[in-house]
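In terms of full-length UniProt numbering, the sequence shown opens at residue 246 and continues consecutively. Beta carbons: idealized from backbone N, C-alpha and C, even for Gly. Worksheet for the structure shown next.
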Amino acid sequence: LRIARSRLDGRSGDGEGMAWILTDVTQQELATQSRDQFLLTATHELRTPLNNLQAYAEALQAEENLEIDQQKEFCNVIVSEAHRLGRLVDQLLTVGQMEAGSMVANRHELELLPMVEYAADQMKAQADQKRQRLVTDFAAKLPTVFGDRDKLQAALVNLVGNAVKYTPTAGEIIVRCGVVDNWIRIDIQDNGPGIEEEEQDKVFDKFFRGSHAANSEMRGNGLGLAFTREVARMHGGEVDLDSEVGRGSTFSMRLPIGGHSRSGI
Ligand code: ADP
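Written out as structure tokens, the structure reads:
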């Protein structure tokens, strides 16, 4: 709690309007701390592929008698490190756009079912490793959505990924999609730890990590849900949460049928 003595702008201007202002800055400071931590980690992570790129490229340049196989191997490392660097830079750019509120959608008419299927497939190996049951329950057909494929795909992978990540061994995750009340709705239900009521709004804040997540060795940067909700909203949709500690969580993403075009985009 920060307490500051401050002059209120009284109409008289005689300096009598003094007041103690109490602000709860704890959350704000926590968010700033975690953002600084994220930037520190990200900068560190940029250094590794950059060092590898430099080392392998210099080796190619300096060594004249390299076997062709070795040359190829070095080139493969260079290409894969360049890709890694690209992904990190994309992530940083997205965070920057989210911070500035300037994320832009690149829209097309989309079939959502294969995208939900892809998200579940992506997480299948991890779920198997944890002996989790990952069940899908899809409507036979869904109306199309006018949206940004990459962003929606990443948002869906985030939701299924979180369910797998936070649900313990032998848990169950059910991914449903269908049409409810004129919305296309994708539910990702898990029987994991659940989220305390006072944290349920905050999990959508940038850099926020739940107490359960922050105190465990589960990796994360607290950006996934902030990004996911931003993506749903930029399509005229929303992400809702229904959760109870000990029972589990259901994250529901809903999108308007046929899409939503915000003027100017
Ligand atoms: P990260 O996973 O990197 O921490 P997210 O933004 O994806 O960031 O999630 C924010 C927080 O919400 C997590 O730290 C975790 O506490 C909580 N959370 C998200 N999904 C789940 C889930 N399925 N079950 C329990 N807690 C979850």
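Asked                                                                                                : Found
Closest by C-alpha distance to ASP395, when choosing among HIS457, MET348, GLY416, ARG292            : MET348
Status (buried if at least 16 other CB within 10 Å, exposed otherwise) for VAL402                    : buried
Assigned exposure category for CYS422 - 16 Cβ within 10 Å defines buried                             : buried
Proximity below 8 Å, CB of SER488 to CB of ILE440                                                    : yes
C-alpha distance - THR412 paired with ALA400, whole-angstrom precision                               : 18 Å
One or two residues paired with THR381 in a DSSP bridge                                              : VAL420
Neighbour-count burial assignment, ILE510, 16 or more Cβ in a 10 Å radius                            : Because ILE510 sits at a pLDDT of 37, beneath the cut-off of 50, its placement in the model cannot be relied upon, and the point is left open.
Alpha-carbon to alpha-carbon, VAL390 and ASP382                                                      : 19 Å
Alpha helix (DSSP H) segments (min. 4 residues) lying fully within the region 311-386                : 313-345, 358-374
For GLY416 and ASP435, believed in contact at Cβ under 8 Å, the rounded distance                     : 6 Å
Helix, strand or coil at PRO294 [DSSP, three-state]                                                  : helix
Helix, strand or coil at ARG499 according to DSSP, with G and I counted as helix                     : strand
Cβ-heavy atom distance, VAL380 to the ligand ADP, below 7 Å                                          : no
According to DSSP, residues forming a beta bridge with ARG430                                        : GLY423, ARG499
Proximity winner among ALA385, LEU337, GLU462, relative to GLY469 (alpha-carbon distances)           : LEU337
Alpha carbon of ARG252 to alpha carbon of PRO359, nearest angstrom                                   : Note that ARG252 scores a pLDDT of 46, beneath 50, so its modelled location is shaky and nothing firm can be said.
Of the residues GLU475, GLY481, ARG376, the one placed nearest TRP428, counting alpha carbons only   : GLY481
Proximal residues to GLN329 (C-beta, below 6 Å), its chain only, five neighbours per side dropped    : Before going on, a small fix: residue 329 reads as Arg here, not Gln. Result list for ARG329: PRO294, in chain order.
Neighbourhood of GLN342 by C-beta, 7 Å cutoff - its chain only, sequence neighbours within 5 removed : MET348
Integer-rounded CB distance, given that GLY406 should sit under 8 Å from LEU355                      : With 8 Å as the limit, LEU355 and GLY406 do not qualify as a contact, their Cβ atoms being about 20 Å apart.
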